[in-house]
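Engineer: Numbers given in my numbering equal positions in the sequence shown, counted from 1, plus 77. Structure below; questions to follow.
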Amino acid sequence: MQFFDTHAHLGLIYDDPIEQLRVVHEAKKAQVTRIISICNNLHDFGTVYDNLKSSKNVFYAAGVSPSEVLNPGKNWIETLEKALSMPGVVALGETGLDYFKKYGDKRSQTELFITQLEIAEKYNKPVIIHNRDAGADILGILAERLPEAGGILHCYSEDAEYARLALDLNLYFSFAGNVTYRNARNLHETVLSIPLDRILVESESPFMVPAAYRGKRNVPSFIPSTVTFMAQLLGMEMEELAEILWNNSCRAFNMEP
């Protein structure tokens, strides 16, 4: 049995590269044998990539988060395109829209998002999508501009009805530790309502720690706790769900199982 963490901010768990490698090693001991490293900006991507390039268990996404809309970086498009050509970089992200924190304005966020969707299409990479209080606009843009390689709604937080609309675009739904929270009924209903072949799991570490580890800093090695909860919710054996999630993740990121 093995697990695939589709979204971990390894550079935010620890700054120290030795500690980052330790997190990856501890994850492997917990059978989390593949991790997608996520960064909010391209400077941090470069740092984490250099820190962890010796690890065969870590793969990468490169992109500019909506939090960086006011300062995406000098020559950021050129930098992003170069990053997407690097070994081990399997996706563009995270990118999307965030109206909760009100980074910049909606127009600027939309332009940043659309530009990255076009780059993802050019480089045939799936997109990892951040959505906070922007669900309708996200779907409207994706309906016209989703790259052929597809997309992942990361840390899914909408309801089952939204999921039904997103399924029309053949998106994947990645659930984080908050799915284990007792009051997350909208997420529980969503897990039960969507096809198993569209479900992924992520740590979203160091955020969204599973209920069993509340009060601790979240790390990828906690992924099995989330999968255990989801298996119980679905009435499945953990091993069966873990295999499904592994295969889904490999398919979503165009990787060999």
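Where is the CB? At the ideal position from N, CA and C, for every residue including glycine. None of these values were measured; they are calculated from a predicted model.
At which residues does the alpha helix (DSSP H) containing residue 265 begin and terminate?
Structural biologist: Mapped onto the sequence shown, residue 265 falls at position 188. 262 to 270 is the span of the alpha helix (DSSP H), which, as asked, contains residue 265.
Engineer: Should the segment 185 to 196 be regarded as contacting the segment 127 to 137, the criterion being three or more beta carbon pairs within less than 8 Å?
Structural biologist: These segments do not touch.
Engineer: Where are the alpha helix (DSSP H) runs, 4 residues long or more, that stay fully inside the segment 220 to 252, in chain order?
Structural biologist: Segments of the alpha helix (DSSP H) lying fully in the segment 220 to 252: 237 to 244.
Engineer: Taking the CB atoms as reference points, tell me whether residue 167 and residue 138 lie closer together than 8 Å.
Structural biologist: Against the sequence shown, residue 167 aligns to sequence position 90. Against the sequence shown, residue 138 aligns to sequence position 61. Contact: yes.
Engineer: Should residue 97 go down as buried or exposed, given a rule of 16 or more other Cβ atoms within 10 Å for buried?
Structural biologist: Sequence index remark: in the sequence shown, residue 97 carries index 20 (1-based). By the 10 Å Cβ count, residue 97 comes out buried.
Engineer: How would you write the range of the beta strand (DSSP E) that residue 80 sits in, first residue to last?
Structural biologist: In the sequence shown, the residue the question calls residue 80 occupies position 3. Taken as a continuous stretch (DSSP letters only), the beta strand (DSSP E) holding residue 80 covers 80 to 85.
Engineer: May I ask which residues mark the beginning and end of the alpha helix (DSSP H) holding residue 175?
Structural biologist: Counting from 1 along the sequence shown, the entry for residue 175 is found at position 98. That residue, residue 175, is in no alpha helix (DSSP H); its beta strand (DSSP E) goes 166 to 175.
Engineer: When the Cα of residue 261 is compared with those of 283, 293, 306, 246, which residue comes out closest?
Structural biologist: Numbered from 1 along the sequence shown, position 184 holds the residue referred to as residue 261. Minimum Cα distance to residue 261 is reached at 306.
Engineer: Report all residues from its chain with a CB closer than 7 Å to the CB of residue 220; omit the five preceding and five following residues, and keep chain order.
Structural biologist: Along the sequence shown, read from residue 1 onward, the residue named residue 220 stands at position 143. Closer than 7 Å at Cβ, skipping near neighbours: 246.
Engineer: Are there three or more Cβ pairs, one per stretch, closer than 8 Å when the segment 248 to 255 is compared with the segment 263 to 280?
Structural biologist: Judged by Cβ distances under 8 Å, the segment 248 to 255 makes contact with the segment 263 to 280, as three or more pairs qualify.
Engineer: At what residues does the beta strand (DSSP E) containing residue 298 begin and finish?
Structural biologist: Counted from its first residue, the sequence shown places residue 298 at position 221. Note, residue 298: premise wrong, no beta strand (DSSP E); not H, not E.
Engineer: Given a threshold of 16 other Cβ atoms within 10 Å of its Cβ, counted over all protein chains shown, does residue 300 qualify as buried or as exposed?
Structural biologist: Counting from 1 along the sequence shown, the entry for residue 300 is found at position 223. Answer is buried; the Cβ neighbour count reaches 16.
Engineer: Rounded to a whole number of angstroms, what is the C-alpha to C-alpha distance between residue 111 and residue 240?
Structural biologist: For the purposes of this step, residue 111 is taken as the residue at position 34 of the sequence shown. For the purposes of this step, residue 240 is taken as the residue at position 163 of the sequence shown. Going by the C-alpha atoms only, they are around 26 Å apart.
Engineer: For residue 185, name the three-state secondary structure that DSSP assigns.
Structural biologist: For the purposes of this step, residue 185 is identified with residue 108 of the sequence shown, where counting begins at 1. Residue 185: helix per DSSP, three-state reduction.
Engineer: In the DSSP output, what is residue 160 paired with across the bridge?
Structural biologist: As a first step, residue 160 is located in the sequence shown; it is residue number 83 there, counting from the start. For residue 160, which the question treats as bridged, DSSP gives no partner whatsoever.
Engineer: Between residue 264 and residue 256, which are expected to be in contact by the criterion C-beta below 8 Å, what is the C-beta distance as a whole number of angstroms?
Structural biologist: One-based indexing of the sequence shown puts residue 264 at position 187. One-based indexing of the sequence shown puts residue 256 at position 179. With a Cβ gap of about 5 Å, residue 264 and residue 256 count as contacting.
Engineer: Put residue 209 into one of helix, strand or coil per three-state DSSP.
Structural biologist: Taking the sequence shown and counting its residues from 1, the one referred to as residue 209 is at position 132. Strand, per DSSP.
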